[in-house]
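Written below as structure tokens is the structure these notes are about.
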């Protein structure tokens, strides 16, 4: 959440504490009580969204880092044993092929690292059985990096999904925050109207003063008051089609500065592609059923294609949402 969004939530939370001292007044003024109920529900919903963002991504990132560490350690062990064989038999070319250090795997480019690990495993596994036995290149030692590489890839997929889920959760935040601001404004208006009520049975002036103090936006730095410079939602495109029907979602050729987040609620994959001006279909990209997929424009077709198209795979239709964001 941005500083501005956090400030709105903070105000909503402080007002919740303030109104606890004025239950009698709330119960005597149903419109104000309804506004307070809405405020409390909105604060709870926003807190839940915030918790989703904070925890899912953190857990997935931890799993990924653990898997990569295991992959780096297992690979370093295998490489050391294989290099020992190459040196003992004076095969310098083989030594180079077998050399893959902990640092190479732990801190390099992820996709390349996994490929290098698998290449090493394949090369060592191809050595004669007697060589593997003599140099203690057991099946377990050889298989460990391969298993760790698979765990790392699985964890990477989990992290992508975890980041995507909070990303969609964030789509709801602007609306939730807008409604919270509206609820606070309504409470302010209702209380202001009661602020001059001197009925000794109630404490309206004190209630209004307590609310006004709690609802103040606490000193945001000037930078935080400016519009967020992060990814900006450009369009939200609903996708609802019958079986076998292709739908034109947009006639804009989004460039590399844009990403598309696809929430596919259907039971079948959603096929997306950028069609040419003449309607020619480029290679469709499947977005898995029941999943969230984040795409870049280059995945959807050539630069010359200009119509974003969607179609559900197979004989079933379905529904999905495509959110287009400008990221730079």
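Numbering (my numbering), first residue to last: 51 to 378.
Cβ coordinates follow ideal geometry from the N, Cα and C atoms, glycine included.
Straight-line gap, residue i to residue j (C-alpha atoms, nearest Å)
{"i": "residue 180", "j": "residue 190", "result": "16 Å"}
{"i": "residue 279", "j": "residue 376", "result": "In this predicted model, residue 279 has a pLDDT of only 43, less than 50, meaning its place in the structure is not dependable; the value taken from the coordinates is given anyway. Near 10 Å, if we compare the C-alpha coordinates of residue 376 and residue 279."}
{"i": "residue 75", "j": "residue 54", "result": "31 Å"}
{"i": "residue 99", "j": "residue 223", "result": "7 Å"}
{"i": "residue 265", "j": "residue 59", "result": "10 Å"}
{"i": "residue 170", "j": "residue 192", "result": "9 Å"}
{"i": "residue 297", "j": "residue 358", "result": "9 Å"}
{"i": "residue 91", "j": "residue 227", "result": "12 Å"}
{"i": "residue 325", "j": "residue 307", "result": "19 Å"}
{"i": "residue 131", "j": "residue 349", "result": "41 Å"}
{"i": "residue 96", "j": "residue 62", "result": "10 Å"}
{"i": "residue 336", "j": "residue 299", "result": "15 Å"}
{"i": "residue 301", "j": "residue 362", "result": "19 Å"}
{"i": "residue 353", "j": "residue 321", "result": "18 Å"}
{"i": "residue 137", "j": "residue 120", "result": "26 Å"}
Cβ-Cβ distance between residue i and residue j below 9 Å
{"i": "residue 374", "j": "residue 287", "result": "yes"}
{"i": "residue 128", "j": "residue 195", "result": "yes"}
{"i": "residue 387", "j": "residue 346", "result": "The question about residue 387 has no answer here: the residues shown for the chain are numbered 51 through 378."}
{"i": "residue 198", "j": "residue 174", "result": "no"}
{"i": "residue 261", "j": "residue 65", "result": "yes"}
{"i": "residue 247", "j": "residue 68", "result": "no"}
{"i": "residue 290", "j": "residue 369", "result": "yes"}
{"i": "residue 344", "j": "residue 360", "result": "no"}
{"i": "residue 230", "j": "residue 93", "result": "yes"}
{"i": "residue 244", "j": "residue 82", "result": "yes"}
Element boundaries [beta strand (DSSP E), containing residue i]
{"i": "residue 416", "result": "An answer regarding residue 416 cannot be provided, because it is not within the stretch 51 to 378 covered by the chain."}
{"i": "residue 375", "result": "368 to 376"}
{"i": "residue 318", "result": "Element bounds for residue 318: n/a, residue is neither H nor E."}
{"i": "residue 362", "result": "357 to 362"}
{"i": "residue 297", "result": "297 to 300"}
Endpoints, alpha helix (DSSP H) assigned at residue i
{"i": "residue 379", "result": "Residue 379 lies beyond the residue range present for the chain, which begins at 51 and ends at 378; the question has no answer from this structure."}
{"i": "residue 147", "result": "142 to 148"}
{"i": "residue 152", "result": "152 to 157"}
{"i": "residue 259", "result": "254 to 264"}
Report yes or no: do the stretch 226 to 238 and the stretch 158 to 176 share at least 3 C-beta pairs separated by less than 8 Å?
Cβ pair count under 8 Å is below three, so no.
Contact between the stretch 338 to 358 and the stretch 312 to 329 (3+ Cβ pairs under 8 Å):
yes
Can you give, in chain order, each stretch of the beta strand (DSSP E) that sits fully within the stretch 323 to 352 and has at least 3 residues?
335 to 337 and 342 to 346
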